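Line order of the protein sequences matches chains G and U. When we follow the numbering used here, the leftmost residue of the first sequence carries the number 1, and every step to the right adds one. When we follow the numbering used here, the leftmost residue of the second sequence carries the number 425, and every step to the right adds one. Beta carbons: idealized from backbone N, C-alpha and C, even for Gly. In this text, all values refer to a predicted model and were calculated from it rather than measured experimentally. For reference, the structure discussed in these notes is given below.
2 protein chains.
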Amino acid sequence: MISRVLAAELHRHVGERVRVAGWVHRRRELKSVTFLIVRDRSGLTQVVLAQSLAVGAETVVEVSGTATANQQAPGGVEITDPTITLLSEPAEPPPFDLFRPRLSATLPTVLDHAAVALRHPTLRARFAVSSASTFGFRTALGTRGFTEVHTPKIVGSVTESGANVFGIDFFGRRAYLAQSPQLFKQALVGVFERVYEVGPVFRAEPHDTTRHLAQYTSLDAELGFIADHRDVMAVLRDTVAAMVAAVADRAGDAVRLLAATLPDVPAEIPSVDFVEAQDMLGENARGEPDLAPAHERLLSDWALRVHGSEFLFVTGYPMRKRPFYTHPQPARPEFSNSFDLLFRGVELVTGGQRLHRHADYLAALAARGEDPEPYRTYLDVFAHGMPPHGGFAIGLERWVARLLGLANVREATLFPRDLHRLEP
Amino acid sequence: MISRVLAAELHRHVGERVRVAGWVHRRRELKSVTFLIVRDRSGLTQVVLAQSLAVGAETVVEVSGTATANQQAPGGVEITDPTITLLSEPAEPPPFDLFRPRLSATLPTVLDHAAVALRHPTLRARFAVSSASTFGFRTALGTRGFTEVHTPKIVGSVTESGANVFGIDFFGRRAYLAQSPQLFKQALVGVFERVYEVGPVFRAEPHDTTRHLAQYTSLDAELGFIADHRDVMAVLRDTVAAMVAAVADRAGDAVRLLAATLPDVPAEIPSVDFVEAQDMLGENARGEPDLAPAHERLLSDWALRVHGSEFLFVTGYPMRKRPFYTHPQPARPEFSNSFDLLFRGVELVTGGQRLHRHADYLAALAARGEDPEPYRTYLDVFAHGMPPHGGFAIGLERWVARLLGLANVREATLFPRDLHRLEP
Numbered sequence: 001m002i003s004r005v006l007a008a009e010l011h012r013h014v015g016e017r018v019r020v021a022g023w024v025h026r027r028r029e030l031k032s033v034t035f036l037i038v039r040d041r042s043g044l045t046q047v048v049l050a051q052s053l054a055v056g057a058e059t060v061v062e063v064s065g066t067a068t069a070n071q072q073a074p075g076g077v078e079i080t081d082p083t084i085t086l087l088s089e090p091a092e093p094p095p096f097d098l099f100r101p102r103l104s105a106t107l108p109t110v111l112d113h114a115a116v117a118l119r120h121p122t123l124r125a126r127f128a129v130s131s132a133s134t135f136g137f138r139t140a141l142g143t144r145g146f147t148e149v150h151t152p153k154i155v156g157s158v159t160e161s162g163a164n165v166f167g168i169d170f171f172g173r174r175a176y177l178a179q180s181p182q183l184f185k186q187a188l189v190g191v192f193e194r195v196y197e198v199g200p201v202f203r204a205e206p207h208d209t210t211r212h213l214a215q216y217t218s219l220d221a222e223l224g225f226i227a228d229h230r231d232v233m234a235v236l237r238d239t240v241a242a243m244v245a246a247v248a249d250r251a252g253d254a255v256r257l258l259a260a261t262l263p264d265v266p267a268e269i270p271s272v273d274f275v276e277a278q279d280m281l282g283e284n285a286r287g288e289p290d291l292a293p294a295h296e297r298l299l300s301d302w303a304l305r306v307h308g309s310e311f312l313f314v315t316g317y318p319m320r321k322r323p324f325y326t327h328p329q330p331a332r333p334e335f336s337n338s339f340d341l342l343f344r345g346v347e348l349v350t351g352g353q354r355l356h357r358h359a360d361y362l363a364a365l366a367a368r369g370e371d372p373e374p375y376r377t378y379l380d381v382f383a384h385g386m387p388p389h390g391g392f393a394i395g396l397e398r399w400v401a402r403l404l405g406l407a408n409v410r411e412a413t414l415f416p417r418d419l420h421r422l423e424p
Numbered sequence: 425m426i427s428r429v430l431a432a433e434l435h436r437h438v439g440e441r442v443r444v445a446g447w448v449h450r451r452r453e454l455k456s457v458t459f460l461i462v463r464d465r466s467g468l469t470q471v472v473l474a475q476s477l478a479v480g481a482e483t484v485v486e487v488s489g490t491a492t493a494n495q496q497a498p499g500g501v502e503i504t505d506p507t508i509t510l511l512s513e514p515a516e517p518p519p520f521d522l523f524r525p526r527l528s529a530t531l532p533t534v535l536d537h538a539a540v541a542l543r544h545p546t547l548r549a550r551f552a553v554s555s556a557s558t559f560g561f562r563t564a565l566g567t568r569g570f571t572e573v574h575t576p577k578i579v580g581s582v583t584e585s586g587a588n589v590f591g592i593d594f595f596g597r598r599a600y601l602a603q604s605p606q607l608f609k610q611a612l613v614g615v616f617e618r619v620y621e622v623g624p625v626f627r628a629e630p631h632d633t634t635r636h637l638a639q640y641t642s643l644d645a646e647l648g649f650i651a652d653h654r655d656v657m658a659v660l661r662d663t664v665a666a667m668v669a670a671v672a673d674r675a676g677d678a679v680r681l682l683a684a685t686l687p688d689v690p691a692e693i694p695s696v697d698f699v700e701a702q703d704m705l706g707e708n709a710r711g712e713p714d715l716a717p718a719h720e721r722l723l724s725d726w727a728l729r730v731h732g733s734e735f736l737f738v739t740g741y742p743m744r745k746r747p748f749y750t751h752p753q754p755a756r757p758e759f760s761n762s763f764d765l766l767f768r769g770v771e772l773v774t775g776g777q778r779l780h781r782h783a784d785y786l787a788a789l790a791a792r793g794e795d796p797e798p799y800r801t802y803l804d805v806f807a808h809g810m811p812p813h814g815g816f817a818i819g820l821e822r823w824v825a826r827l828l829g830l831a832n833v834r835e836a837t838l839f840p841r842d843l844h845r846l847e848p
C-alpha cells in the first residue's frame with residue numbers, strides 16, 4: 001500500500017496516486033459532484049466525487065486517488081478519481097458544526113464535549129502553541145545547565161498557604177496534593193544546582209474565576225549560586241524569549257490561524273520597583289501590600305507606552321505579602337528580593353530569591369509565629385549547606401491564554417478541572 | 425567579579441585567576457597543606473591551602489585563585505593561592521560521608537535523607553540518565569509529528585482496574601488520582617492523531633515490592649491511523665533507540681561513572697508470539713494467561729542468545745489478561761493485537777492496538793458483564809469517529825533502574841512514594 005500523505009504535503013504530489021486519511025470535516029453535495037473536505041492533523045484536503053456519498057461529519061475515511069492541481073481547492077490541490085474506505089463511522093453526529101470558522105457554542109458546552117470540540121482547527125491550534133511553548137522552556141533551560149526533574153505530587157504536609165489543598169487518603173494516612181514543587185526544587189538545587197520541572201500542580205481554588213484552575217501545568221525553575229533575584233530574572237527573560245521563538249518556529253501556522261501577535265522580548269525587560277510603581281499609580285495604590293489587577297493593567301500600559309515592552313518586571317514586593325522562604329532585601333528588609341513578571345496586563349510569573357541559611361528559616365518562621373514542626377522535612381534541606389538560590393514558576397495555561405488573547409484560562413486547557421468540573 | 429568556572433571547564437583556564445563555587449566534598453589536612461575538594465554540578469576541583477581551614481563537609485564555598493596544572497589533581501588542574509568565602513555553613517554534619525566512592529547506608533536511610541544522599545555523585549548520575557532519557561523520548565516523538573499534551577490527574581471515575589486508586593475529596597465530591605492518561609490520550613488521537621505525555625501516574629499499590637511505586641513517571645504515547653499494533657511497535661523501537669542515543673550523548677559521564685553498559689537497539693527488535701513463547705518455555709508455562717517474571721527472564725536470555733538482542737517483543741497476549749479496550753487479533757479473537765517489550769529480563773513497556781469503534785466498546789463491556797455507565801465519558805469519545813489507533817507507556821523509573829542495573833526502582837526515583845513512605 002502506498003504511504004499516507006498529509007494534507008499539508010499534498011501539493012508535492014500533484015499528478016501522483018496518493019492516499020490520505022482523516023475525518024470528514026464537511027460534505028457538500030452539488031447536482032453532479034460531491035465535495036468531501038477531509039481533515040487530518042496537518043490541514044484540509046478536498047476530495048471530488050462524481051457521485052453522491054452519504055457520510056456524516058467526523059466519519060473516519062481513507063481516500064486513494066489522484067492529486068490534481070486546482071487553484072480553487074485548499075492548498076491548490078485536490079484529490080480526483082477517489083476510492084473511499086470508511087475506517088470508522090460515528091455513532092451520533094457531532095454536537096456542533098466543526099467546519100464553521102468558529103465554534104458557536106458556549107464555553108460550558110465546549111468543555112462538556114471537549115474531545116470533539118478540540119478537533120476544531122482553531123481550538124486545536126491553541127495546543128500547538130502550548131506544546132511549542134514547553135519545548136522552548138525546556139530548550140532554554142536544558143542549554144543552560146538545568147536538569148529536568150520529576151517530584152512527588154503527593155505530600156505529607158502542607159508548607160505553603162495551608163488553605164486550598166486537596167486532601168487524599170494515602171494508605172489510611174492523611175496526605176495532600178502538592179500545590180507546587182517549591183520544596184523539592186529548592187532541595188534539588190543542593191543536588192543539581194539548576195533544575196526545572198514541567199508538571200501538574202493542584203489548587204483547591206474555591207472561587208469560580210477566569211484565571212484559576214484546580215489543576216494546571218507549572219513550568220518551574222530554580223537555580224543556585226546566584227548573587228540575588230536579578231540573576232533569576234535574567235534566566236527568566238531568556239526562557240520567555242525562547243518560548244516565544246519556539247512558538248514562532250514550531251507553531252507558526254497556529255499563530256496565523258488564530259491571528260495572534262507574538263510579543264518582542266526586549267534584551268532587557270524593563271523593571272520597576274514596587275514602591276515606585278505605587279507612587280506612579282497614585283493615592284489609592286500607595287501603602288498597600290500588593291498590586292490590584294487594575295494596577296497591573298495600568299503598569300503594563302505604562303511599560304508599553306514608555307518602554308515599548310509588553311513585559312514588565314515589578315520587583316521588591318513587601319515581605320509580608322510573600323511566602324516565608326522569600327529573601328529580604330539586604331538594605332531594606334521589609335521589602336523582598338522578589339519579582340512578578342507582568343505580560344499584557346496580568347501577572348504571568350512570580351519568582352525571587354529564597355532564604356538559603358537554616359537559621360534564617362527558623363527566624364522567619366518564628367517572626368511569623370509559626371511552629372517549625374510541619375516544616376521539618378523542608379528545614380532539614382537547609383541544615384546541610386545550601387547556596388544562595390532562587391527561581392520562578394510560569395503557569396502554562398495562563399501564558400497561552402495571554403499570548404492568544406483568550407479570555408478564560410480554561411480555553412487554554414484540554415480538559416479543565418475546577419470547582420464545578422470533574423469531567424470529561 | 426570574574427565569571428564562575430565549573431570544575432569540568434577548569435582545565436581550559438590554566439594560568440588564569442578563576443572563581444569556582446560549590447560544596448566542600450572533602451577536606452584533608454596534612455602537616456603544612458590543606459586540600460579542599462569542592463564539588464559542583466560538573467565535577468570536583470582540588471583547592472590547595474597553605475594553612476589549616478576548619479570547614480565541615482557540605483559547607484558552600486566560593487573560591488577565587490589561580491588555576492594551576494597538576495597531574496595529581498582531579499582533571500589535571502587545581503586551584504592555588506585561594507581566597508575562600510563561606511556562602512553557607514551547614515547546621516549539622518551530613519548523615520553519611522559523601523566523598524566515599526559508594527554511600528554506605530541502607531536504602532531506607534538513603535531515602536530518609538534523600539536531599540543529602542542525592543548529592544553523592546553516583547546517585548546524582550542516575551538522574552542525569554533519567555533526564556537524558558526523557559529528552560530522547562520527546563525528541564523521537566516530536567520529530568515524528570506527535571504533540572505534547574497535559575491531561576487531568578484528577579478523574580471522576582475509575583475506568584481501568586478499579587482497585588489500587590487513591591481517593592480524593594474534590595470540593596466535597598469523590599474523585600480519584602489518575603492511574604494513567606489512557607482515556608485522555610485516546611481521546612486526543614481524535615484531535616492531534618499523535619500525542620505523548622510525560623507525567624505522574626498514581627497507583628495505590630498495597631504490596632511492598634522492588635518494582636512498584638505509588639507515583640511514577642509515565643512516558644505515554646498514542647497514535648492514530650495505524651494498520652495494527654506493529655505500527656506502534658515500530659514507533660516504540662525508534663523511541664527506545666532515541667532514548668539510548670540521548671543517554672549516550674547527554675549523560676555519557678554519568679554512564680561511565682556508573683560503569684553501566686548501554687544496549688544496542690536492533691533495527692528490528694526480535695518478536696515472539698505469546699503462544700510460541702509458552703511452547704518454548706515448556707510445560708508449566710503452557711495454557712497460562714500471562715507470563716510469570718521467571719518466564720520473562722528466560723525469554724530475555726533466549727533473545728540475547730539467539731538474536732543477540734537485549735530487547736524482545738512478546739505479542740499476542742490472551743484477551744482475558746488485557747484491558748477491555750484492547751483490540752483482538754482479527755483471525756484469532758481470543759488473542760490480542762498487544763505486546764510487551766522485555767528488556768534485560770523484565771517487562772519494560774506494555775502497549776497495543778485499541779478498539780476504535782463505539783459498538784465494539786459496548787460489546788466488549790457487555791462480554792465482560794460490566795455496566796457501561798461509569799465509562800460514559802470514555803465511550804462518548806468513540807461515538808464521534810475514531811481512527812484505528814494504539815500506543816504504549818514506558819515507566820521512566822523502571823527504565824532507568826534496568827538500564828543502570830539498580831535492584832530497586834526506588835533507587836531511580838528522587839523522592840519515592842510508597843505504602844510506607846510519604847516523606848521527604
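Coarse secondary structure for residue i, derived from DSSP in three states
| i | result |
| --- | --- |
| G:A175 | strand |
| G:Y378 | helix |
| G:G287 | coil |
| G:V33 | coil |
| U:F608 | helix |
| G:D360 | helix |
| U:Q777 | strand |
| G:F76 | The identity of residue 76 of chain G in the sequence shown is Gly, whereas the question assumes Phe. G:G76 falls in the helix class under three-state DSSP. |
| U:G580 | coil |
| U:R627 | coil |
| U:T533 | helix |
| G:V400 | helix |
| U:V429 | coil |
| G:R39 | strand |
Residue burial classification, residue i (beta-carbon count within 10 angstroms, cutoff 16)
| i | result |
| --- | --- |
| G:I2 | exposed |
| G:V240 | buried |
| U:K455 | exposed |
| G:R119 | buried |
| G:L219 | buried |
| G:Q72 | exposed |
| G:A234 | exposed |
| U:M667 | buried |
| G:N337 | buried |
| U:M810 | buried |
| G:V306 | exposed |
Residue span of the beta strand (DSSP E) that contains residue i, given as start and end
| i | result |
| --- | --- |
| G:T68 | V60 to A69 |
| U:T641 | Q639 to G648 |
| U:A817 | H813 to G819 |
| U:V471 | G467 to L473 |
| G:D371 | From DSSP, G:D371 is part of no beta strand (DSSP E); its letter is neither H nor E. |
Delimiting residues of the alpha helix (DSSP H) encompassing residue i
| i | result |
| --- | --- |
| U:R654 | H653 to R674 |
| U:G560 | P545 to G566 |
| G:D279 | F274 to L281 |
With three or more beta-carbon pairs closer than 8 Å as the criterion, would you say the segment 273-293 of chain G touches the segment 152-171 of chain G?
no
Which ranges does the alpha helix (DSSP H) cover as unbroken runs of at least 4 residues, wholly within the segment 729-765 of chain U, from first to last along the chain?
none
Any 3 or more C-beta pairs closer than 8 Å across the segment 608-619 of chain U and the segment 645-656 of chain U
yes
With a threshold of 8 Å, are at least 3 pairs of Cβ atoms found where one atom belongs to the segment 62-69 of chain G and the other to the segment 3-17 of chain G?
yes
Between the segment 627-639 of chain U and the segment 833-845 of chain U, do three or more beta carbon pairs fall short of 8 Å?
yes
Cβ contact (3+ pairs, closer than 8 Å) linking the segment 363-374 of chain G and the segment 382-398 of chain G
no
Answer yes if the segment 720-739 of chain U comes into contact with the segment 678-696 of chain U, meaning at least three C-beta pairs across the two stretches below 8 Å, and no otherwise.
yes
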